[in-house]
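Input: a single structure, listed below in structure tokens.
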Amino acid sequence: MAFLAGCVLFSLTASSALAESKEELAEKLALGGTAPFKEMNILFESTAKVQTPEANTEKASQVRMIRGEVVGKDRLLFEIRFDHPPVLDRSSFCLYLDIDNDTATGRQDEGVQGVDLMVALETAQGKSPYVLFKNPDFSAENTKVRAAWDGPNLYITLELPLPDQPSAARVFLLSTKDGGASNFRTANDTLLELVPSDKSLPPL
Numbered sequence: 471m472a473f474l475a476g477c478v479l480f481s482l483t484a485s486s487a488l489a490e491s492k493e494e495l496a497e498k499l500a501l502g503g504t505a506p507f508k509e510m511n512i513l514f515e516s517t518a519k520v521q522t523p524e525a526n527t528e529k530a531s532q533v534r535m536i537r538g539e540v541v542g543k544d545r546l547l548f549e550i551r552f553d554h555p556p557v558l559d560r561s562s563f564c565l566y567l568d569i570d571n572d573t574a575t576g577r578q579d580e581g582v583q584g585v586d587l588m589v590a591l592e593t594a595q596g597k598s599p600y601v602l603f604k605n606p607d608f609s610a611e612n613t614k615v616r617a618a619w620d621g622p623n624l625y626i627t628l629e630l631p632l633p634d635q636p637s638a639a640r641v642f643l644l645s646t647k648d649g650g651a652s653n654f655r656t657a658n659d660t661l662l663e664l665v666p667s668d669k670s671l672p673p674l
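Mapping the sequence shown onto our numbering, position 110 (from 1) lands on 580, and the numbers just tick up by one.
Printed below as a string of structure tokens:
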């Protein structure tokens with residue numbers, strides 16, 4: 471399977487504490503306006519006890535909610551909401567996507583079977599977001615990513631080949647602290663409906 475570094479198009483800021491206006495976020499994410507923020511549906515919502523600020527400092531940041539949607543032609547937008555702003559210089563995050571919802575394609579490792587691509591945010595190393603490819607249908611030539619923080623919320627937008635018929639993709643997120651000393655992972659059976667869209671958005 472292909473395993474290639476993806477396009478790096480936007481550097482994450484050093485701190486997630488400073489909230490920005492939706493207009494500023496939309497510009498950073500090339501969304502052509504703020505409407506896509508309202509279009510996202512809830513994909514995952516944790517019922518666990520809210521993580522304390524102290525635990526957020528010492529352990530992997532806990533995800534409270536994931537929202538996502540097809541917001542334009544071949545464009546996905548995700549909002550990952552944490553209980554508190556993560557400590558970025560000690561944390562890393564990975565968004566796993568099984569675009570075809572088929573465990574026979576993509577990665578075959580236990581626990582991540584079927585994953586076609588991963589968006590890695592190694593903020594502890596100060597790296598920009600990049601994509602790791604595990605399905606030859608996706609590559610650096612046809613897949614681009616941007617990400618931005620707004621307080622405890624992480625926004626990720628992807629431009630990639632999407633099915634031309636209604637289907638579903640599987641999505642989950644891994645949050646780690648101090649190189650894997652502490653981990654938090656959302657349910658790996660969370661589904662995102664892929665409804666084709668002809669809406670044009672600014673290119674990434």
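Positions of the beta carbon are idealized from the N, C-alpha and C atoms, including for glycine.
Exercise. Distance, Cα to Cα, D544 vs A594?
Worked result: 30 Å
For this session: Reducing DSSP to helix, strand and coil, say where F507 ends up.
Result: helix
Problem set entry | Same chain, Cβ closer than 8 Å to N623, five either side skipped, listed in chain order | Answer for N623: E549, I550, R551 and F552, listed in chain order.
Exercise. Among A651, R655, K498 and P633, which has the Cα closest to the Cα of E528?
Worked result: Here the closest residue by C-alpha is A651.
Exercise. Under a three-way DSSP split, which group does T517 fall into?
Worked result: Coil.
Exercise. Quick one: is G427 buried, meaning 16 or more other Cβ sit within 10 Å of its Cβ, or exposed?
Worked result: This structure does not reach residue 427, given that the chain is present from 471 up to 674, and the question cannot be answered.
Exercise. By Cβ distance below 7 Å, which residues in the same chain neighbour L474 in space, the five residues on each side in sequence not counted?
Worked result: In this prediction, L474 has a pLDDT of 28, which is less than 50 and means its spatial position is unreliable; nothing more can be read from the coordinates.
Problem set entry | Beta-carbon spacing of V540, L664 below 8 Å | yes
Problem set entry | Length of the line joining the Cα atoms of Q683 and L567 | With the chain covering only 471 through 674, there is no way to say anything about residue 683.
For this session: Only counting runs of 4 or more residues, tell me where the alpha helix (DSSP H) segments fall wholly within the segment 513 to 591, in order along the chain.
Result: 523 to 528
Problem set entry | Between the CA atoms of Q635 and F563 - distance to the nearest angstrom | Going from the Cα of F563 to the Cα of Q635 covers about 30 Å.
Exercise. For the alpha helix (DSSP H) that E493 lies in, which residues bound it at each end?
Worked result: First-last of the alpha helix (DSSP H) with E493: K492 to K498.
For this session: Check the DSSP bridge columns for R615 and list the partner residues they point to.
Result: As written in the sequence, residue 615 is Val, which differs from the Arg given in the question. Note: V615 sits in a beta bridge opposite L628.
Exercise. Around the C-beta of K519, are 16 or more other C-beta atoms found within 10 angstroms, so that it is buried, or is it exposed?
Worked result: Looking at its Cβ environment, which holds fewer than 16 other Cβ atoms inside 10 Å, K519 is exposed.
Problem set entry | DSSP-derived helix/strand/coil call for A455 | Because the chain is modelled from 471 through 674, residue 455 falls outside the range shown and cannot be assessed.
Problem set entry | When V615, S637, P633 and P631 are compared against Y625, the one with the closest alpha-carbon | V615
For this session: Closer than 8 Å by C-beta to N653: which residues in its own chain qualify, once you throw out the five before and the five after it? Chain order, please.
Result: A530, L644, S645, T646 and K647
Problem set entry | Nearest-angstrom Cβ-Cβ length linking N511 and G538, presumed shorter than 8 Å | 7 Å
For this session: Determine the direct distance from the alpha carbon of D668 to that of L513, and round the result to whole angstroms.
Result: 22 Å
Exercise. For E494, is the classification buried or exposed, using 16 other Cβ atoms within 10 angstroms of its Cβ as the cut-off for buried?
Worked result: Around the beta carbon of E494, fewer than 16 other beta carbons lie within 10 angstroms, which makes this residue exposed.
Problem set entry | Beta-carbon proximity of V589 to G576, cut-off 8 Å | no
For this session: Check T593 in the structure and name its three-state DSSP category.
Result: helix
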